[in-house]
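Chemist: Sequences listed follow chains A and H, in order. To convert a position in the first sequence, counted from 1, into our numbering, add 10. To convert a position in the second sequence, counted from 1, into our numbering, add 145. Ideal Cβ placement from N, Cα and C applies to all residues, glycine included. Here it is, the structure in full.
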Amino acid sequence: MVNKFLKNGLQKDFEISFGSHIQYLDLIQELALSITKLIGLEEDVSYWIGLSVRESVTNAIRHGNQQDETKKVGLRFKISPDRLMILVQDEGKGFDISSLPDPLDQDNLLKPSGRGIFYVRTFMDDVRFRNRPDGGFEVRMEKRLDNLKGEKDED
Amino acid sequence: MKIEERVVGGVTILDISGKITIGEGSIEIKNKVRELLAAGSKNILLNLGNVGMVDSSGIGELVSSFTTVTNAGGQLKLLNLTKKLKELLAITKLLTVFDSFTDEGEAVGSYS
Numbered sequence: 011m012v013n014k015f016l017k018n019g020l021q022k023d024f025e026i027s028f029g030s031h032i033q034y035l036d037l038i039q040e041l042a043l044s045i046t047k048l049i050g051l052e053e054d055v056s057y058w059i060g061l062s063v064r065e066s067v068t069n070a071i072r073h074g075n076q077q078d079e080t081k082k083v084g085l086r087f088k089i090s091p092d093r094l095m096i097l098v099q100d101e102g103k104g105f106d107i108s109s110l111p112d113p114l115d116q117d118n119l120l121k122p123s124g125r126g127i128f129y130v131r132t133f134m135d136d137v138r139f140r141n142r143p144d145g146g147f148e149v150r151m152e153k154r155l156d157n158l159k160g161e162k163d164e165d
Numbered sequence: 146m147k148i149e150e151r152v153v154g155g156v157t158i159l160d161i162s163g164k165i166t167i168g169e170g171s172i173e174i175k176n177k178v179r180e181l182l183a184a185g186s187k188n189i190l191l192n193l194g195n196v197g198m199v200d201s202s203g204i205g206e207l208v209s210s211f212t213t214v215t216n217a218g219g220q221l222k223l224l225n226l227t228k229k230l231k232e233l234l235a236i237t238k239l240l241t242v243f244d245s246f247t248d249e250g251e252a253v254g255s256y257s
């Protein structure tokens, strides 16, 4: 899938950082949707990417940075013709991802929280987590674009 | 988010519109449900047909409202799930937990 924005084959890079406030979440989700629109992804795929970004940034703000507005969340989109890579970084103390309970376990089905990362893993193709050596937590998620249907630009 | 309340056949229907997301509206549903239970209304139907965006916090609030009503001896059911909300509930196995309907009359008639 190659549209006008991607057709010169160069990687595009878009990066912002912002203070940890949940009131930015709608704006961030809209930003993700605007980027998927620029790439020409279909509505459903865009929606789930937008939700995945929202969930990851929610975690960075709430759990990573503990809603301390002086701590930043970094959000980066790296767009290649064959994939969209999104990085979300916080300035928190890090996290052991293996300690997350399985939301599909019968004992956890009725818990009010614990589904955000599960949704991200469901809707993105490849999701990796790491505690960065210089501090903070990082979520790296990828959506492959080469096998997606999209809106091609007319020349 | 907006919640409008009406009663049909002994069932309190909450017509919810807008977003059910963190910091926007999700707590309002839980508060409204608690208020209804305190007033003795235990049969509650959430009409979600006009709900746009729901995130994991919103899903959590639906679950939390469900357990609060169930623990109080009542029944909370869902009406008019959008395609995307249905998908979010399905992949976290919550469609097996909630009774959901596409027809209001059928939903109201299902309360025992």
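Output yes if chain A places a C-beta closer than 9 Å to the C-beta of residue 177(H); else output no.
Modeler: In the second sequence, counting from the first residue as 1, residue 177(H) sits at position 32. No, residue 177(H) lies away from the interface with chain A (no Cβ there is under 9 Å from its Cβ).
Chemist: Buried or exposed for residue 153(A), going by 16 or more other Cβ atoms inside 10 Å?
Modeler: Taking the first sequence and counting its residues from 1, the one referred to as residue 153(A) is at position 143. Buried, because 16 or more other Cβ atoms sit within 10 Å of the Cβ of residue 153(A).
Chemist: Taking C-beta to C-beta, are residue 249(H) and residue 192(H) nearer than 9 Å?
Modeler: Taking the second sequence and counting its residues from 1, the one referred to as residue 249(H) is at position 104. Taking the second sequence and counting its residues from 1, the one referred to as residue 192(H) is at position 47. Their beta carbons are under 9 Å apart, which means residue 249(H) touches residue 192(H) by this criterion.
Chemist: Check whether the Cβ atoms of residue 49(A) and residue 96(A) lie closer than 9 Å to each other.
Modeler: The residue given as residue 49(A) occupies position 39 in the first sequence. The residue given as residue 96(A) occupies position 86 in the first sequence. Contact: no.
Chemist: Less than 6 Å between C-beta atoms, sequence neighbours within five positions excluded: which residues of the same chain meet that for residue 164(A)?
Modeler: Within the first sequence, numbered from 1, the residue matching residue 164(A) stands at position 154. Note on residue 164(A): pLDDT 42, under 50, position unreliable in the model; the coordinate value appears next. Here the set comprises nothing.
Chemist: Please name the residue, chosen from 52(A), 118(A), 32(A) and 116(A), that lies closest to residue 67(A) on a Cα-to-Cα basis.
Modeler: To locate residue 67(A), count along the first sequence from 1; it is residue 57. Comparing Cα positions, the closest option is 32(A).
Chemist: Check for me: the beta strand (DSSP E) holding residue 207(H) runs from which residue to which?
Modeler: Numbered from its first residue, the second sequence carries residue 207(H) at position 62. It is not in any beta strand (DSSP E) - residue 207(H) instead sits in the alpha helix (DSSP H) that spans 201-216.
Chemist: Sorted by chain position, which residues of the same chain lie with C-beta nearer than 6 Å to residue 162(H)'s C-beta, five sequence neighbours on each side aside?
Modeler: As a first step, residue 162(H) is located in the second sequence; it is residue number 17 there, counting from the start. Contacts found: 147 and 195.
Chemist: Tell me which residues of the region 235-249 of chain H have at least one Cβ-Cβ distance to chain A shorter than 9 Å, keeping chain order.
Modeler: Within the region 235-249 of chain H, the qualifying residues are 236, 237, 238, 239, 241 and 242.
Chemist: Which chain H residues are close to residue 96(A), counting only those with a beta carbon under 9 Å from its beta carbon?
Modeler: The residue labelled residue 96(A) in the question sits at position 86 within the first sequence. Per Cβ cutoff of 9 Å: no residues; residue 96(A) is ~16 Å from chain H at best.
Chemist: Provide the residue(s) that pair with residue 165(H) in DSSP beta bridges, ordered along the chain.
Modeler: Here residue 165(H) corresponds to residue number 20 of the second sequence, with the count starting at 1. According to DSSP, residue 165(H) bridges with 199(H).
Chemist: By the DSSP assignment, the alpha helix (DSSP H) with residue 64(A) in it spans what residues?
Modeler: What you label residue 64(A) is simply residue 54 of the first sequence in a count that begins at 1. From DSSP, the alpha helix (DSSP H) with residue 64(A) extends over 53-69.
Chemist: Between residue 240(H) and residue 104(A), what straight-line distance do the alpha-carbon atoms span, to the nearest angstrom?
Modeler: One-based indexing of the second sequence puts residue 240(H) at position 95. One-based indexing of the first sequence puts residue 104(A) at position 94. Whole-angstrom Cα-Cα distance: 33 Å.
Chemist: For residue 87(A) and residue 23(A), I'd like the C-alpha separation in whole angstroms.
Modeler: Locating residue 87(A) in the first sequence gives position 77, where the first residue counts as 1. Locating residue 23(A) in the first sequence gives position 13, where the first residue counts as 1. Answer to the nearest angstrom: the Cα atoms are 6 Å apart.
Chemist: Tell me which residues of the region 45-66 of chain A have at least one Cβ-Cβ distance to chain H shorter than 7 Å, keeping chain order.
Modeler: From the region 45-66 of chain A, only 57, 61, 64 and 65 have a Cβ closer than 7 Å to chain H.
Chemist: Please determine, among 150(H), 247(H), 151(H) and 155(H), the residue with the shortest C-alpha to C-alpha distance to residue 219(H).
Modeler: As a first step, residue 219(H) must be located in the second sequence, where it is residue number 74. When only C-alpha atoms are compared, the closest one is 155(H).
Chemist: Please classify residue 111(A) as buried or exposed, where buried requires at least 16 other C-beta atoms within 10 Å of its C-beta.
Modeler: Looking up residue 111(A) in the first sequence gives position 101. With fewer than 16 Cβ atoms within 10 Å of its Cβ, residue 111(A) is classed as exposed.
Chemist: Looking at chain H, is there any beta carbon in it that lies within less than 9 Å of the beta carbon of residue 123(A)?
Modeler: The count along the first sequence starts at 1 and reaches residue 123(A) at position 113. Yes, residue 123(A) counts as interfacial toward chain H.
Chemist: Is the shortest distance between the beta-carbon of residue 111(A) and the beta-carbons of chain H less than 9 Å?
Modeler: In the first sequence, the residue the question calls residue 111(A) occupies position 101. It does not; no Cβ of chain H falls within 9 Å.
Chemist: Applying a beta-carbon distance threshold of less than 9 Å, which residues of chain H neighbour residue 128(A)?
Modeler: Along the first sequence, one-based indexing puts residue 128(A) at 118. Under the 9 Å cutoff, chain H gives 201, 236 and 237.
Chemist: Per DSSP, what kind of secondary structure is residue 176(H) in: helix, strand or coil?
Modeler: As a working mapping, residue 176(H) is identified with position 31 in the second sequence. In the structure shown, residue 176(H) sits in a helix (DSSP, three-state: H, G or I).
Chemist: Pairs of beta-carbons, one from the region 201-211 of chain H and one from the region 173-192 of chain H, closer than 8 Å: are there three or more?
Modeler: In short, these stretches touch, since the Cβ pair count reaches three.
Chemist: Do you know how far the Cα of residue 26(A) is from the Cα of residue 71(A)?
Modeler: On the first sequence, residue 71(A) is found 61 positions in, with the first residue counted as 1. On the first sequence, residue 26(A) is found 16 positions in, with the first residue counted as 1. Looking at the two C-alpha atoms, the distance is approximately 15 Å.
Chemist: Using a 10 Å radius around the Cβ and a threshold of 16 neighbouring Cβ atoms, would you call residue 228(H) buried or exposed?
Modeler: The residue labelled residue 228(H) in the question sits at position 83 within the second sequence. So residue 228(H) counts as exposed.
Chemist: Can you give the beta carbon distance from residue 223(H) to residue 245(H), rounded, assuming they're within the 8 Å contact cut?
Modeler: As a position in the second sequence, residue 223(H) is number 78, starting the count at 1. As a position in the second sequence, residue 245(H) is number 100, starting the count at 1. Rounded, the Cβ-Cβ distance is 4 Å, consistent with contact.
Chemist: Using a Cβ-Cβ distance under 9 Å, would residue 146(H) count as near chain A?
Modeler: Stepping through the second sequence from its first residue, residue 146(H) is reached at position 1. It does not: the Cβ of residue 146(H) has no partner Cβ on chain A nearer than 9 Å.
Chemist: Hey, which unbroken runs of the alpha helix (DSSP H) at 4 residues or more fall wholly within the region 228-256 of chain H?
Modeler: The qualifying runs are 228-236 and 249-254.
Chemist: Report yes if the CB atom of residue 65(A) is closer than 9 Å to the CB atom of residue 201(H), and no otherwise.
Modeler: As a position in the first sequence, residue 65(A) is number 55, starting the count at 1. As a position in the second sequence, residue 201(H) is number 56, starting the count at 1. Their beta carbons are under 9 Å apart, which means residue 65(A) touches residue 201(H) by this criterion.
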